[in-house]
Amino acid sequence: MERPQVASDAGPEGAWLQEAERGTDLGVAALLLAYRWFGRPFAAVILRLVASWYAIASPSVRRNSLGYLRRLWPEAGTREVVRHIVTFAQCAFDRVLFAAGERSAFRIERHGYQHLQRQARSGRGALLLGAHVGSFEAMRAMAGAERFVIRPLVHFANARRITKMLRTVAPGFDAGVIEIDPAAPHWILRVQECIDRGEFIAILGDRTGLSEGTAPVSLLGGTALLPTGPYTLAAVLRCPVYLTFGLYHAPNTYALYCEPFATRIELPRGDRAAAAARLAQRYADRLEFYLRRAPYCWFNFFAMWQ
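For the sequence shown, this note's numbering assigns the number 1029 to the initial residue and increments by one for each residue that follows.
Written out as structure tokens, the structure reads:
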């Protein structure tokens, strides 16, 4: 079996691995306490204040946010950057709530959910290809309510604090995910077993990782590098691929989208890189479509474009 290189939460050339987490365990715990005592709207006010301070205190995040937003609106400025970072903070906090089973605070819209239902009935699993857009945890939570099993591929090294908090509020968190281990291929065997059991494997396709193949794509009027690992993995698994996006609309709505991407991916031996690049461009086209629908929901705070 060929061993694919796959991105999860990586940034360009692994730069994300050196990015220290901001905030503290106490801060997240305080937000959870505020939520339980006073509700999500009150916690959201605190979150907005903290995120606004972060927007001012982190020049690199502010600069990269502005670089992205100005591809949508040339006149974007500080106000839009703050809103972008506040949206990120809200979705990150909501991720903890979803993991804790707190779904009553949200309004959920589902579009294309019949594709997951049909695939689940087939008894064969599939790959769900998403992005750092809004919240994938919202879709995972709703899938649990429908008795689908969605297992994200994750890299815990980038988010130790949020992972610790998720383990606290959801003790079974680790059992539901598959950790990517760059040093060993054993996780790939586990992924194959999950697909054979009819489970869904979730992977994000908008960040590159360490020693990973990439392809240049046209995105929002510029050229960006996207990983080709997800398509190599799909070819190895020989399973269908669906695109999934969980767009956040303030104050409490998540619009979940699912659409077919490929019944099966094949990468011809003599044309493997070019075939993967074409798939990456197809993905980029759909990513851009959803970014224009919810522009504040993309959480890639680094220099994306060449």
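For glycine and all other residues, C-beta sits at the position ideal for the given N, C-alpha and C.
Terminal residues of the alpha helix (DSSP H) in which Val1286 lies: Correcting the residue identity first, residue 1286 is Cys in this sequence and not Val. Segment 1281-1290 is the beta strand (DSSP E) holding Cys1286; no alpha helix (DSSP H) there.
Euclidean distance between Cα positions of Leu1125 and Glu1287: Their backbone Cα atoms lie some 26 Å apart in a straight line.
Using 8 Å for Cβ pairs, my map puts Asn1280 next to Arg1135. What's the rounded Cβ distance? With 8 Å as the limit, Asn1280 and Arg1135 qualify as a contact, their Cβ atoms being about 6 Å apart.
Near Gly1140, which residues of its chain fall below 7 Å by C-beta distance, leaving aside the five closest residues on each side in sequence? So the list reads Tyr1285, Cys1286, Glu1287, once near-sequence residues are dropped.
So the candidates are Arg1218, Ala1058, Asp1313; which of them puts its Cα closest to the Cα of Thr1251? For the residues Arg1218, Ala1058, Asp1313, the minimum Cα distance to Thr1251 belongs to Asp1313.
Quick one: what's got a C-beta closer than 6 Å to Gly1051's C-beta in the same chain, skipping five residues either side? Because Gly1051 carries a pLDDT of 49, less than 50, the predicted location of this residue cannot be relied on, and the following value inherits that uncertainty. Hits under 6 Å: none found.
Compare the Cα-Cα distances from Ala1305 to each of Ala1331, Leu1254, Phe1289 and report the closest residue. Comparing alpha carbon positions, the residue from Ala1331, Leu1254, Phe1289 closest to Ala1305 is Leu1254.
Between the CA atoms of Arg1068 and Ala1133 - distance to the nearest angstrom: Straight through space, the alpha carbons of Arg1068 and Ala1133 are spaced by roughly 7 Å.
Residues near Pro1258 in its chain [Cβ-Cβ closer than 6 Å; skip 5 each side]: Hits under 6 Å: Leu1157, Ile1231, Gly1233.
Just to confirm my understanding: we take Arg1266, look at its own chain, exclude 5 residues before and 5 after, and list those with CB closer than 7 Å. What are they? If the five residues before and after Arg1266 are omitted, its C-beta is found closer than 7 Å to the C-beta atoms of Arg1292, all from its own chain and listed in chain order.
Stretch pair the segment 1295-1304 + the segment 1145-1157: three plus CB contacts closer than 8 Å: For the pair of segments examined, the segment 1295-1304 was found not to touch the segment 1145-1157: the number of CB pairs separated by less than 8 Å stays below three.
Note down the Cα distance separating His1160 from Arg1218, rounded to an integer number of angstroms. Using only the alpha carbons, I get a separation of about 24 Å.
Cβ shell of His1143 (< 8 Å), same chain only, five flanking positions each side left out: Only Tyr1270, Cys1286, Glu1287, Pro1288 meet the Cβ criterion.
Could you work out which residue in Phe1228, Met1332, Val1110 is closest to Val1245 when comparing CA atoms only? Ranking the options by Cα distance to Val1245, first place goes to Met1332.
Could you name the residues of the same chain whose beta carbon sits closer than 6 Å to that of Ala1148, not counting the 5 residues immediately before and after it, in chain order? Short of 6 Å from the beta carbon of Ala1148, and not among the five residues preceding or following it, lie these beta carbons of its own chain, in chain order: Phe1176.
Just reading off the alpha helix (DSSP H) that Ser1132 is part of, what are its end residues? Unbroken run through Ser1132: none, as it is neither H nor E.
Gly1362 and Gly1241 closer than 8 Å at C-beta: Outside the modelled stretch of the chain, which goes from 1029 to 1334, sits residue 1362, for which no answer is possible.
Over the uninterrupted beta strand (DSSP E) stretch that includes Pro974, give me the two end residues. An answer regarding residue 974 cannot be provided, because it is not within the stretch 1029 to 1334 covered by the chain.
Taking the alpha helix (DSSP H) that Leu1261 belongs to, which residues open and close that run? In this chain, the alpha helix (DSSP H) harbouring Leu1261 covers 1257-1265.
How many Å lie between His1214 and Glu1103 at the Cα? Approximately 48 Å, taken between the alpha carbons.
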